[in-house]
Amino acid sequence: LGIVVLFIGKQLNQVVPAFREFSIPEPVTGGLLMCILFTLIYAVTGVGVEFNLGARDVLLVYFFTTIGINASFSDLLGGGKPLVILLAATVVFMVLQNFTGIGVASALGLEPAVGLLGGTVSLIGGHGTSIAWAPVFAEKYGISGAAEIGIACATFGLVLASLMGGPIAKFLISRHDLKSEAEETLDIGVKQEDRGMDIHYMDVLDAILSIHICVIIGVLLDKALEAAGVQLPLFVSCLFAGIVMSNLRPKALPRITGTSWPSRTPAIALIADLSLGTFLAMSLMSMKLWELASLAGPLVLILGAQVLVAATFIVFVVFRLMGKNYEAAVVSAGFGGFSMGATPTAMANMSAVTKRYGACHEAFIIVPLVGAFFIDIANVIIIQQLLSWIG
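Numbering (the working numbering), first residue to last: 3 to 393.
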């Protein structure tokens, strides 16, 4: 069904020029349409549709493994300074996001802790962080329904993040007349004007084999880190495994496939596009909006303020700090994704932009490293400090 929804999104983007013009990701248009449909079904019949999302989590691991396979040490070394700059900008934004939530909540006569739930706890942190911190907010700060508030903010934040990255990138690219300097294969999918791919059967088979090799290494790395007391999402370990295999594997090492390592090949780009697109379509179509309706009131004001702050920060801070070039515009689209949603949303935003305007390899390395690794560590520290301050 996730693939069907992805097809619906692709067809909608072909029929509605505005979706392509503003680089709205195809799985977002399809996923949101189905989410609204399921909400209407519940409103009329009282029947809620639920999904088994086990396959979705596997697709996320597939996707980030392809990103690692496409990475090169030269890109990572070149991305060292931009990575540090983006991380510093993100930490500043996280503090700003929390104070925005606290300020709006206080103005509405709510507890400041509610505003913090509408800050990095739910937006940058996502559903997992919201659920993990909910007992603390409920027990120590008396916030009834803390989990529901966090989940509601994370859900609506995901939708807003999916819709804001593309328009921001279009505005920046058009205003500054930016163009991609890379004429290489895209990291994800193909350009909008070139829907054809010349892929051999062996290319796809080799790509799948290579992905699975990296996933096995990633799982072993994840277990080793867990034993050492370091908790990382599995997809981050697989991302690192892909980077290691692409860059440290002996070039002369014979391969049973008889082909070279499939880094930055159309087959890898195809699997990345399918994995990310289906993952995001499944994520959005499975949202239960009817469970969040009762919390919509004050959260609309908090999230509205968060969108305005995020868009302003991206245009006037992130884009300028990252160099005011095409790459900076693509990174800005990604920042819009993880600042209000999650790292996969950031990648979908950047994928939609690059399909329209051209490749940008470095952005697909530094954005997931910041969005999926560093900010989780920073978020814990910031949340703890602000809780002690408002307490």
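Note that CB positions come from ideal geometry on N, CA and C, so glycine has one too. Keep in mind that this is a model prediction, so the values were computed, not measured.
For the region 344–364 against the region 286–295, are there 3 or more C-beta pairs whose distance is under 8 Å?
no
As a quick exercise: from Pro256, Leu236, Pro264, Gly127, pick the residue whose alpha carbon is nearest that of Leu207.
Taking the first residue of the sequence shown as 1, we reach residue 207 at position 205. Nearest of Pro256, Leu236, Pro264, Gly127 to Leu207, Cα basis: Pro264.
Thr356, enclosing alpha helix (DSSP H) - first and last residue:
Against the sequence shown, residue 356 aligns to sequence position 354. Residues 345–359.
Length of the line joining the Cα atoms of Leu402 and Glu141
Residue 402 lies beyond the range of the chain shown here (3 to 393); nothing can be said about it.
Reduced DSSP secondary structure (H/G/I, E/B, other) of Ala230:
Within the sequence shown, the letter at position 228 stands for residue 230. Coil.
C-alpha distance - Lys181 paired with Leu371, whole-angstrom precision:
Position 179 of the sequence shown, counted from the first residue, corresponds to residue 181. Position 369 of the sequence shown, counted from the first residue, corresponds to residue 371. Looking at the two C-alpha atoms, the distance is approximately 24 Å.
For the structure I just gave you, are there three or more beta carbon pairs, one from the region 213–221 and one from the region 65–72, closer than 8 Å?
yes
Own chain residues within Cβ distance below 7 Å of Pro114, not counting five before or after
Residue 114 sits at position 112 when you count from the first residue of the sequence shown. Answer for Pro114: Ile104, Ala107, Ser108, Ile392, listed in chain order.
Assuming Ser341 and Ala374 are in contact, meaning their beta carbons sit under 8 Å apart, how far apart are those beta carbons, in whole angstroms?
By one-based count along the sequence shown, residue 341 stands at place 339. By one-based count along the sequence shown, residue 374 stands at place 372. Actually they are not in contact, since the Cβ atoms of Ser341 and Ala374 sit about 13 Å apart, beyond 8 Å.
Pick helix, strand or coil for Cys216, following the three-state DSSP scheme.
Here residue 216 is taken as the residue at index 214 of the sequence shown, counted from 1. The answer is helix: DSSP assigns Cys216 an H, G or I state.
Ala348 versus Ser164 - alpha carbon distance
For the purposes of this step, residue 348 is taken as residue 346 along the sequence shown, with counting starting at 1. For the purposes of this step, residue 164 is taken as residue 162 along the sequence shown, with counting starting at 1. Approximately 8 Å, taken between the alpha carbons.
Which same chain residues, not among the five before or five after Leu174, have their C-beta less than 8 Å away from its C-beta?
Taking the first residue of the sequence shown as 1, we reach residue 174 at position 172. Cβ neighbours of Leu174 beyond the five flanking positions: Leu180, Val317, Phe321, Ala330, Ala331, Ser334.
On the criterion of 16 or more Cβ atoms from any shown chain inside 10 Å, does Glu228 qualify as buried, or is it exposed?
As a working mapping, residue 228 is identified with position 226 in the sequence shown. By the neighbour-count rule (16 or more Cβ atoms within 10 Å), Glu228 is not buried but exposed.
What is the rounded straight-line gap between the Cα of Ile190 and the Cα of Ser353?
Taking the first residue of the sequence shown as 1, we reach residue 190 at position 188. Taking the first residue of the sequence shown as 1, we reach residue 353 at position 351. Cα-Cα distance, rounded: 6 Å.
Cβ separation of Asn100 and Leu118, assumed to be a contact under 8 Å, to the nearest whole Å
Counting from 1 along the sequence shown, the entry for residue 100 is found at position 98. Counting from 1 along the sequence shown, the entry for residue 118 is found at position 116. Correct: roughly 6 Å between the Cβ atoms.
By the three-class DSSP mapping on this structure, what secondary structure does Val49 have?
By one-based count along the sequence shown, residue 49 stands at place 47. Of the three classes helix, strand and coil, the one that applies to Val49 here is coil, per DSSP.
Look up Ile367 in the DSSP assignment and say whether it is helix, strand or coil.
Within the sequence shown, numbered from 1, the residue matching residue 367 stands at position 365. The answer is helix: DSSP assigns Ile367 an H, G or I state.
Are the beta-carbon atoms of Leu61 and Thr356 separated by less than 7 Å?
Here the question's residue 61 lines up with position 59 in the sequence shown. Here the question's residue 356 lines up with position 354 in the sequence shown. For Leu61 and Thr356, no; Cβs fall outside 7 Å.
Compare the Cα-Cα distances from Ala154 to each of Gly144, Ile133, Gly168, Leu55 and report the closest residue.
Here residue 154 corresponds to residue number 152 of the sequence shown, with the count starting at 1. Nearest of Gly144, Ile133, Gly168, Leu55 to Ala154, Cα basis: Ile133.
Measuring CB to CB, does Gly32 end up less than 7 Å from Ala283?
The residue given as residue 32 occupies position 30 in the sequence shown. The residue given as residue 283 occupies position 281 in the sequence shown. Yes, the pair counts as a contact, with Cβ atoms nearer than the cut-off.
State the Cα-Cα distance for the pair Ala295 and Ile26, rounded to the nearest angstrom.
Counted from its first residue, the sequence shown places residue 295 at position 293. Counted from its first residue, the sequence shown places residue 26 at position 24. Whole-angstrom Cα-Cα distance: 25 Å.
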